[in-house]
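One structure below.
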Amino acid sequence: MADIRNNFVGIKSPNPFWLASAPPTDKAYNVIRAFRAGWGGVVWKTLGEEGPPVVNVNGPRYGAIWGADRRLLGLNNIELITDRDLQVNLREIKQVKMDWPDRAIVVSLMVPCEEHAWKAILPVVEETGADGIELNFGCPHGMSERGMGAAVGQVPEYIEMVVRWCKANTRMPVITKLTPNITDIRKPARAALAGGTDAVSLINTINSITGVNLDSFAPEPTIDGKGSHGGYCGPAVKPIAMNMVAEIARDPETHGLPISGIGGITTWRDAAEFMALGAGNVQVCTAAMTYGFKIVQEMIAGLENWMDEKGHASLDDIVGRATPNVTDWQYLNLNYVAKAHIDQEACIKCGRCHIACEDTSHQAITAIVDGVRHFEVIEAECVGCNLCVNVCPVENCITMEPLAAGVIDQRTGRPVSPVYANWTTHPNNPMAKVAAE
């Protein structure tokens, strides 16, 4: 049986599945239920400084994007950090950690960007016995207007400064949570590393408005006739999150920096993909809010079964395995040629491939052959774009088949070259010509 025990910057848990800082981790009742269901750890919902708690809206807090089958694809969340008293949270964290010593408890923190505020909260969190802290530099709404959350996460100099304060004032591992609402995710990651962070976690939620009510003409969720931008999460953000994880994992300046992957993780496969791109563990929120805490049992079983099937003995065997295969477009092999192939026995003759290709691509799929409805690839027109594979409703009915070196590409009339060549050396690249001169 594969060993999926996790050791993330010295924080141990029985599996790599943690609940992210969010409504599911706002109180002991929820966290205990999560641990009973099998979650390896939690990041406790973000705590603020001592004093009157923040005030959340008393109405709708979520907007949504659904698929055609009403499956939830994305959530827009306008909830702020915990609105429960700091001392109540601290007492609960301490008790839960005592009762569940084998589970990871990391505490998310957000206080004003002032050194004394961080010095004040760190020792009281440390006294709970928590395993670490996560600096919330990602919340894109409400708190950012107060100079916290994403307002800090968008300024690398602030990130480095606050991380330094925390590292100087706590024994606990420091995880820096990054905002995706930035042009280049590598810069805040580099800043966090320069400040001494033990790890980064990403992504936090994306600025969004998920819908407008066309009767009231107000964004949803609507509070007394008005709406606000919120944080977008769920399966729809997974591709954005994975790209940002990979950017940090393959950046020479942050290579080797531990990463906790967040963003749309719903299945064991999602988790494995994040870890393959460099994440040491994963955090989940929307999936738990949609399907309940027991979804982790499917994640655990699925990951173990896949690892056993593939011969991966531990998580170390898969973390970062895909990172070397992520590259910039300019380094892709321009001599690689692939063509679509339709399995005629699997084809249900729906015609979606033909319509997509005929109307929007390269007119490379037939609709009628010898007077009969028949869908077949015209190799002389196919550029191997993969659109037909993606629109086909039958899995593996259409596949992309690479042409072997020396085979004539019917579209160009030239044999496929065995030599790797990319844009940096291509004759059409003006920079390549300058370099050649």
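Residues in the sequence shown are numbered consecutively from 1, following full-length UniProt numbering.
Every residue, glycine too, gets a C-beta built ideally from N, C-alpha and C.
- Using a C-beta cut-off of 8 angstroms, the segment 30-41 makes no contact with the segment 56-65, since fewer than three inter-stretch Cβ pairs fall below that distance.
- The Cβ atoms of W44 and S108 lie closer than 8 angstroms to each other.
- Contact between S21 and E134 holds, since their C-beta atoms are separated by about 6 angstroms, short of 8 angstroms.
- According to the DSSP secondary-structure assignment, W100 is paired through a beta bridge with no residue.
- Within the DSSP bridge table, the entry for C233 names L75 as partners.
- Annotated as distal: M148 and L202, with beta-carbon spacing of 8 angstroms or more.
- For the pair F137 and I121, the CB atoms are not nearer than the 8 angstroms cut-off.
- Taking a 10 Å sphere around the C-beta of I11, we find 16 or more other C-beta atoms and assign the residue as buried.
- For a cut-off of 8 angstroms, the C-beta gap from D102 to A313 is around 21 angstroms, too long to register as a contact.
- By the Cβ criterion, the segment 381-396 is in contact with the segment 357-367, since at least three pairs of Cβ atoms, one from each stretch, lie closer than 8 angstroms.
- Inter-residue distance for A68 and A432 is about 47 angstroms (C-alpha atoms, whole angstroms).
- The beta carbon of D224 sits closer than 8 angstroms to the beta carbons of G59 from its chain, once the five residues preceding and following it are set aside; these are given in chain order.
- Put simply, the segment 193-202 touches the segment 162-171. At least three CB pairs are less than 8 angstroms apart.
- By the criterion of a C-beta distance shorter than 8 angstroms, L277 is surrounded in its chain by M242, V245, A246, A249, G261, G320, A322, T323 and V326, once the five residues flanking it on both sides are discounted.
- Within 10 angstroms of the beta-carbon of P258 lie 16 or more other beta-carbons, which makes it buried.
- The residue among L75, W18 and E50 with its C-alpha nearest the C-alpha of C233 is L75.
- Beta-bridge pairing by DSSP links L47 to L109.
- With a beta-carbon spacing of about 6 angstroms, I81 and M143 fall inside the 8 angstroms limit used to define contacts.
- Taking a C-beta distance under 8 angstroms as the contact criterion, V416 and A405 qualify as a contact pair.
- Residue state for Y62 is assigned as strand, using DSSP reduced to three classes.
- Counting along the chain, I11 sits inside the beta strand (DSSP E) bounded by residues I11 to S13.
- Shown here for A287: same chain residues with a beta carbon closer than 6 angstroms to its own, the five before and five after excluded, namely T266 and I295 in chain order.
- Every unbroken stretch of the beta strand (DSSP E) spanning 3 or more residues and falling wholly within the segment 112-158 is given here in chain order: 132-136.
- Taking C-beta separations shorter than 7 angstroms and ignoring five residues to either side along the sequence, the partners of S13 in its chain run N6, G40, G41, R103 and A104, following chain order.
- Straight-line spacing of the CA atoms in P430 and A421 works out to 16 angstroms.
- For H341, the closest alpha carbon among the candidates T176, M110, V124 and A364 is that of A364.
- Of the candidates D317, L332 and A236, L332 places its Cα closest to the Cα of V419.
- By the beta-carbon neighbour count (other beta carbons within 10 angstroms, threshold 16), I348 is exposed.
- In the three-state reduction of the DSSP assignment, N204 falls in the coil class.
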